[in-house]
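K.L.:
Sending over a structure as structure tokens; questions will come in a sec.
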Amino acid sequence: MIQAITREDIKGDRPEANTLRSALVALPKDAPEAIVNNNFIVTPFFDALGFSLEERVPEFGTGKGHQKVDYALRHNTDENIFLNTQASPHVLVELKGRDIDLTYNSTSYKATVKQIKKYLLAPNCKSVQWGIITNSKHIQLFRKHGKTIYPATPCLDIKPDNIDELTDRIRKRIKNTPKALTIAVYNNKGGVGKTTTVINLAAVLTRHKKKVLIIDFDPNQQDLTNSLGIQAGKTSLYECLKDKKNSINLKNAIVPYTKKFKSKNNVITFSFDVLPVDLQLANIPEDKLKTELSTHSLRKKLETLKNDYDYILIDASPNWRFYSISAVYASDVVLIPTKHNNICSLENAAVTIKKYIPEIQKTRQEKTQGLEWGATALPIFFNGEKITDAARIKATNAIKKIIQQVKKESGLDLSPYLESKTGIKIFELPSNAYIGYAAFEKIPAAYKNKIAYSYYAELAKEYFLQ
Amino acid sequence: MSNLSDVGNLMYLDLDIIESGDVTNTSEYLINATAKELSNTDGRNWIPLIVKEIAEDEYQIIGNYFVYAVAEAAGLEKVWCIIADNSEATEKVTKMLAGEAIPKINLSTASRDEIKSALEYLVEQPNTNLKGVKIPVATNRIDEAPRQYWQDLSPITNLKCGITKGKKLQALEKVFYLTPQSIPDDLKNSQVLNSLTVTELKKIAKKRKLTNYGKLNKKKLVDLLSEN
Numbered sequence: 009m010i011q012a013i014t015r016e017d018i019k020g021d022r023p024e025a026n027t028l029r030s031a032l033v034a035l036p037k038d039a040p041e042a043i044v045n046n047n048f049i050v051t052p053f054f055d056a057l058g059f060s061l062e063e064r065v066p067e068f069g070t071g072k073g074h075q076k077v078d079y080a081l082r083h084n085t086d087e088n089i090f091l092n093t094q095a096s097p098h099v100l101v102e103l104k105g106r107d108i109d110l111t112y113n114s115t116s117y118k119a120t121v122k123q124i125k126k127y128l129l130a131p132n133c134k135s136v137q138w139g140i141i142t143n144s145k146h147i148q149l150f151r152k153h154g155k156t157i158y159p160a161t162p163c164l165d166i167k168p169d170n171i172d173e174l175t176d177r178i179r180k181r182i183k184n185t186p187k188a189l190t191i192a193v194y195n196n197k198g199g200v201g202k203t204t205t206v207i208n209l210a211a212v213l214t215r216h217k218k219k220v221l222i223i224d225f226d227p228n229q230q231d232l233t234n235s236l237g238i239q240a241g242k243t244s245l246y247e248c249l250k251d252k253k254n255s256i257n258l259k260n261a262i263v264p265y266t267k268k269f270k271s272k273n274n275v276i277t278f279s280f281d282v283l284p285v286d287l288q289l290a291n292i293p294e295d296k297l298k299t300e301l302s303t304h305s306l307r308k309k310l311e312t313l314k315n316d317y318d319y320i321l322i323d324a325s326p327n328w329r330f331y332s333i334s335a336v337y338a339s340d341v342v343l344i345p346t347k348h349n350n351i352c353s354l355e356n357a358a359v360t361i362k363k364y365i366p367e368i369q370k371t372r373q374e375k376t377q378g379l380e381w382g383a384t385a386l387p388i389f390f391n392g393e394k395i396t397d398a399a400r401i402k403a404t405n406a407i408k409k410i411i412q413q414v415k416k417e418s419g420l421d422l423s424p425y426l427e428s429k430t431g432i433k434i435f436e437l438p439s440n441a442y443i444g445y446a447a448f449e450k451i452p453a454a455y456k457n458k459i460a461y462s463y464y465a466e467l468a469k470e471y472f473l474q
Numbered sequence: 003m004s005n006l007s008d009v010g011n012l013m014y015l016d017l018d019i020i021e022s023g024d025v026t027n028t029s030e031y032l033i034n035a036t037a038k039e040l041s042n043t044d045g046r047n048w049i050p051l052i053v054k055e056i057a058e059d060e061y062q063i064i065g066n067y068f069v070y071a072v073a074e075a076a077g078l079e080k081v082w083c084i085i086a087d088n089s090e091a092t093e094k095v096t097k098m099l100a101g102e103a104i105p106k107i108n109l110s111t112a113s114r115d116e117i118k119s120a121l122e123y124l125v126e127q128p129n130t131n132l133k134g135v136k137i138p139v140a141t142n143r144i145d146e147a148p149r150q151y152w153q154d155l156s157p158i159t160n161l162k163c164g165i166t167k168g169k170k171l172q173a174l175e176k177v178f179y180l181t182p183q184s185i186p187d188d189l190k191n192s193q194v195l196n197s198l199t200v201t202e203l204k205k206i207a208k209k210r211k212l213t214n215y216g217k218l219n220k221k222k223l224v225d226l227l228s229e230n
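Chains E and R supply the protein sequences, listed in that same order.
Under my numbering, think of the first position of the first sequence as 9, with each following residue one higher.
Under my numbering, think of the first position of the second sequence as 3, with each following residue one higher.
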């Protein structure tokens, strides 16, 4: 008798029809949030994502005022039941009804993205790695790494035909959260301080106890390798990249960079890893190179290191050819240094954002059946020049003009990348005599000089560190 | 976009990352003897393999399978390949260009010369099943038949040109396909009507709102429709 009841109960709890697909089909066309929540999200969507009842906290207090996000999720560990402790959430979910339009770039979509970003950066959400927005018609996954938030998937259409696969892919991505954020430091214009930025950013991040790898992917100049006085590793980068069979470990090409500093009582060691460029790579003409390497080669190789570092910084070459394309294709986000007094560097930043990066995204999406977003541009910053108020106004006007022109020509709004959230105050990295001088000593300025350190620490905090 | 994709590039790829797909039957002799010749040179396959990218660093052959078989037999680790795009049309035409697939022509619309050359091709094949078929006769009769309405190739067997059901008709399927037109309701040509089936004739009769056609045989149906 007992057995019979149990069986029926199981059947009752989980009838055949209670799958993602049928729950989705059964949802009324304009179901409000409460119905979407009750009939789709709670069961079966969260079940399919792999989060049990005890691994979900509804109306999770973000710690910023009284703001609450619809759900926080985290897998339980032996003693730490998320529902009880409500500590260290891993995923936030902002839910909408079907009556709210989440079509990409619609007004309500933009508002919802703004909302989830705000929650992701709230005090109680520091441990969060992922954000989801959905109304059961559309869904988008965002990745949060430190302070950096970027789309992990495009805004995807949910349909009965793809809901199972889509949920499965999102579940897998959340399960395999990569440790590293890959940042390409790129501007089509030379001389904007890309290499200096990479080296000093790496130095600052290591002083914040982050594990960092920097990659010299500008074989023609080799500034990064030279300015740190580094010799190529056991295996050349070229040999690694060319190995499409994946039989050579990229780690063989990595060289550690370590500096010891004596303080009053003890010795402090700072170190990061460097993937130096080799002469072989520098000497091969591009047409020959393309017979053995693809623009995805760097990305594929770096995937093997994604759990060994907190940050992977790529120094990209100033053009839009094989090396820089590969660097941007391999990255999650693109940091674009500019000079306020160099109009070309500003115009090139605009071209990068409106043309090059969308190309990368299109290719990435094609290659992943539309499930991966591709690289995202971070807002630009002014690098290392003294800025007077008059010069700042001049630069701001130039940027305004670029924004207006692009909007007129292509309808694209570049203001989120070329202006700061609060208006037109772009992050400024001041100049410092020591930063330039340090290059001669083959030591990052941020290791040796307090002012240089504080400047780059500000940069790291602006974009990356929470 | 060209910057971002390898399509059109000549690349030197590991044999291990190329999926062979369905390798066509080529004689062991030709493969091994060519492999030996290739080994006597610097081992470069000047005729490239044609591949498409199915995933990053994964490729699949779409043309020149023979080159792959020879490279494998010669023990080459890498082969020169041209990367083609992923479309089905590209794959189809590449196989034809490589001589590994036979192109088909549309018999619904083909010209007399096209029909003739297709039949000649079939008859000239070693082991042809069309021995004894007289090409001028077959060409004429097929050309003059109302082939624009044919749903399949079977009406050819009624043309008394030596092509009978079974292997002979099947041989024709290698080179011909059809895109049949719908039969016009006011069709009166008795020759054309004759080529249709009884069911098709009755359909036309129904559309013309004729009566008492249910029990007629084919000849009488044709007579009825060519008059009314």
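All C-beta atoms in this analysis are idealised placements derived from N, C-alpha and C, irrespective of residue type, glycine included.
Closest by CA to residue 185 of chain E, which one among E/212, E/173, E/209, E/149?
P.N.:
Looking up residue 185 of chain E in the first sequence gives position 177. Closest option to residue 185 of chain E, Cα to Cα, is E/149.
K.L.:
If you draw a straight line from the C-alpha of residue 285 of chain E to the C-alpha of residue 195 of chain E, how long is it?
P.N.:
Position 277 of the first sequence, counting from 1, holds the residue named residue 285 of chain E. Position 187 of the first sequence, counting from 1, holds the residue named residue 195 of chain E. About 19 Å.
K.L.:
Got a sec: is the Cβ-Cβ distance from residue 47 of chain R to anything in chain E below 8 Å?
P.N.:
Position 45 of the second sequence holds residue 47 of chain R. Residue 47 of chain R does not count as touching chain E.
K.L.:
Check whether the region 301-312 of chain E touches the region 241-261 of chain E, counting contact only when three or more Cβ pairs, one atom from each stretch, lie closer than 8 Å.
P.N.:
yes
K.L.:
Please name the residue in E/381, E/355, E/377, E/354 whose C-alpha comes closest to that of residue 367 of chain E.
P.N.:
Residue 367 of chain E sits at position 359 when you count from the first residue of the first sequence. The option with the nearest alpha carbon to residue 367 of chain E is E/381.
K.L.:
Evaluate contact between the region 213-223 of chain E and the region 318-328 of chain E, counting only Cβ atoms and requiring at least three cross-stretch pairs below 8 Å.
P.N.:
yes
K.L.:
Once DSSP output is grouped into helix, strand and coil, what is the label at residue 94 of chain R?
P.N.:
Mapped onto the second sequence, residue 94 of chain R falls at position 92. In the structure shown, residue 94 of chain R sits in a helix (DSSP, three-state: H, G or I).
K.L.:
Would residue 105 of chain E and residue 46 of chain E be called neighbours here (beta carbons separated by less than 8 Å)?
P.N.:
Residue mapping note: residue 105 of chain E aligns to position 97 of the first sequence, counting from 1. Residue mapping note: residue 46 of chain E aligns to position 38 of the first sequence, counting from 1. No; because the gap between Cβ atoms is not below 8 Å, this pair is not in contact.
K.L.:
Comparing the C-beta of residue 59 of chain R with each C-beta of chain E, is any distance below 8 Å?
P.N.:
Working through the second sequence from its first residue, we reach residue 59 of chain R at position 57. True, the Cβ-Cβ gap to chain E drops below 8 Å.
K.L.:
Residues of the region 184-214 of chain R with a CB closer than 7 Å to any CB of chain E: list them in chain order, please.
P.N.:
none
K.L.:
Report all residues from its chain with a CB closer than 8 Å to the CB of residue 226 of chain R; omit the five preceding and five following residues, and keep chain order.
P.N.:
One-based indexing of the second sequence puts residue 226 of chain R at position 224. Around residue 226 of chain R: 207, 212, 215, 218.
K.L.:
Taking 8 Å as the threshold (C-beta atoms), are residue 198 of chain R and residue 228 of chain R in contact?
P.N.:
In the second sequence, the residue the question calls residue 228 of chain R occupies position 226. In the second sequence, the residue the question calls residue 198 of chain R occupies position 196. It is not a contact, given that the beta carbons lie outside the stated cut-off.
K.L.:
Using beta carbons (cut-off 8 Å, strictly below), is residue 145 of chain R in contact with chain E?
P.N.:
For the purposes of this step, residue 145 of chain R is taken as the residue at position 143 of the second sequence. For residue 145 of chain R, the answer is no, since every Cβ of chain E falls outside 8 Å of its Cβ.
K.L.:
Starting from residue 166 of chain R, follow the alpha helix (DSSP H) in both directions and report where the run begins and ends.
P.N.:
As a first step, residue 166 of chain R must be located in the second sequence, where it is residue number 164. Neither: residue 166 of chain R is in no alpha helix (DSSP H) and is coded neither H nor E.
K.L.:
Return helix, strand or coil for residue 25 of chain E, following the three-state DSSP convention.
P.N.:
As a working note, residue 25 of chain E is residue 17 in the first sequence. Model confidence at residue 25 of chain E stands at a pLDDT of 44, short of 50, so the residue's coordinates are unreliable and nothing is read from them.
K.L.:
Can you tell me whether residue 146 of chain E is buried or exposed, with buried defined as 16 or more other CB within 10 angstroms of its CB?
P.N.:
As a position in the first sequence, residue 146 of chain E is number 138, starting the count at 1. So residue 146 of chain E ends up on the buried side.
K.L.:
I think residue 1 of chain E touches residue 341 of chain E, with their Cβ atoms under 8 Å apart; what is that distance to the nearest whole Å?
P.N.:
Examination of residue 1 of chain E is not possible in this model, given that chain E is present from 9 through 474 alone.
K.L.:
What number of angstroms, rounded off, separates the C-alpha of residue 113 of chain E from the C-alpha of residue 274 of chain E?
P.N.:
In the first sequence, the residue the question calls residue 113 of chain E occupies position 105. In the first sequence, the residue the question calls residue 274 of chain E occupies position 266. Each residue's Cα considered, the two are about 55 Å apart.
K.L.:
In terms of alpha-carbon separation, which member of E/37, E/398, E/50 lies closest to residue 66 of chain E?
P.N.:
As a working mapping, residue 66 of chain E is identified with position 58 in the first sequence. Looking at E/37, E/398, E/50, the one whose alpha-carbon comes closest to that of residue 66 of chain E is E/50.
K.L.:
Using a C-beta cutoff of 8 Å, does residue 151 of chain R count as contacting chain E?
P.N.:
The sequence position of residue 151 of chain R within the second sequence is 149, counting from 1. By this cut-off, residue 151 of chain R is not an interface position.
K.L.:
With a cut-off of 8 Å, does the C-beta of residue 33 of chain R fall near any C-beta of chain E?
P.N.:
Residue numbering aside, residue 33 of chain R sits at position 31 when the second sequence is read from its first letter. Residue 33 of chain R does not count as touching chain E.
K.L.:
Cutting at 8 Å between CB atoms, please list the residues of its own chain near residue 449 of chain E, excluding the five before and the five after it.
P.N.:
Here the question's residue 449 of chain E lines up with position 441 in the first sequence. 456.
K.L.:
For chain E, find out if any of its Cβ atoms is closer than 8 Å to the Cβ of residue 66 of chain R; answer yes or no.
P.N.:
Counting from 1 along the second sequence, the entry for residue 66 of chain R is found at position 64. No, no contact with chain E.
K.L.:
Short of 8 Å in beta carbon distance, which residues of its chain neighbour residue 61 of chain E, apart from the five on each side in sequence? Order them along the chain.
P.N.:
If you number the first sequence from 1, residue 61 of chain E lands on position 53. Within the same chain, residue 61 of chain E has close Cβ partners 91.
K.L.:
Let me see if you follow: with CB-CB separation under 8 Å, is residue 8 of chain R close to chain A or not?
P.N.:
In the structure shown, chain A does not exist; the protein chains are E and R.
K.L.:
Give every residue of the same chain whose Cβ lies closer than 6 Å to the Cβ of residue 467 of chain E, excluding the five residues on either side of it in the sequence, and list them in chain order.
P.N.:
As a first step, residue 467 of chain E must be located in the first sequence, where it is residue number 459. Excluding sequence neighbours, residue 467 of chain E sits near 437.
K.L.:
Give a yes or no on whether the minimum CB-CB distance between residue 12 of chain R and chain E is below 8 Å.
P.N.:
In the second sequence, residue 12 of chain R corresponds to position 10, counting from 1. Contact with chain E is found for residue 12 of chain R, since one of that chain's Cβ atoms lies less than 8 Å from the residue's Cβ.
K.L.:
I'd like the list of long-range same chain contacts for residue 83 of chain R, defined as Cβ closer than 8 Å, with 5 residues on each side in sequence excluded.
P.N.:
Translated into the one-based positions of the second sequence, residue 83 of chain R becomes position 81. Closer than 8 Å at Cβ, skipping near neighbours: 12, 13, 14, 15, 20, 50, 51, 52, 53, 61.
K.L.:
Thinking C-beta only, is residue 197 of chain E closer than 8 Å to residue 356 of chain E?
P.N.:
Counting from one through the first sequence, the residue named residue 356 of chain E turns up at place 348. Counting from one through the first sequence, the residue named residue 197 of chain E turns up at place 189. Contact: yes.
K.L.:
By the criterion of Cβ-Cβ separation under 7 Å, what are the contact partners of residue 325 of chain E in chain R?
P.N.:
As a position in the first sequence, residue 325 of chain E is number 317, starting the count at 1. The premise fails here: residue 325 of chain E is roughly 14 Å from chain R at the closest Cβ pair, so nothing lies under 7 Å.
K.L.:
Can you check which of these residues, E/260, E/278, E/80, E/329, is closest to residue 309 of chain E by C-alpha distance?
P.N.:
Residue mapping note: residue 309 of chain E aligns to position 301 of the first sequence, counting from 1. When only C-alpha atoms are compared, the closest one is E/260.
K.L.:
Distance cutoff 8 Å, beta carbons only. Does residue 44 of chain R sit that close to anything in chain E?
P.N.:
Taking the second sequence and counting its residues from 1, the one referred to as residue 44 of chain R is at position 42. No, because no Cβ of chain E sits closer than 8 Å to the Cβ of residue 44 of chain R.
K.L.:
Could you pull the start and end residues of the beta strand (DSSP E) that residue 142 of chain E belongs to?
P.N.:
Here residue 142 of chain E refers to the residue found at position 134 when the first sequence is read from its first residue. In the DSSP annotation of this structure, the continuous segment of the beta strand (DSSP E) that includes residue 142 of chain E starts and ends at 138-142.
K.L.:
Any chance the region 125-145 of chain R sits against the region 78-92 of chain R, with 3 or more Cβ pairs inside 8 Å?
P.N.:
By the criterion of at least three beta-carbon pairs nearer than 8 Å, the region 125-145 of chain R is not in contact with the region 78-92 of chain R.
K.L.:
Counting C-beta neighbours from all protein chains within 10 Å, is the total for residue 365 of chain E 16 or more, i.e. buried, or is it exposed?
P.N.:
Counting from 1 along the first sequence, the entry for residue 365 of chain E is found at position 357. Looking at its Cβ environment, which holds 16 or more other Cβ atoms inside 10 Å, residue 365 of chain E is buried.
K.L.:
If you draw a straight line from the C-alpha of residue 393 of chain E to the C-alpha of residue 347 of chain E, how long is it?
P.N.:
Stepping through the first sequence from its first residue, residue 393 of chain E is reached at position 385. Stepping through the first sequence from its first residue, residue 347 of chain E is reached at position 339. Whole-angstrom Cα-Cα distance: 7 Å.
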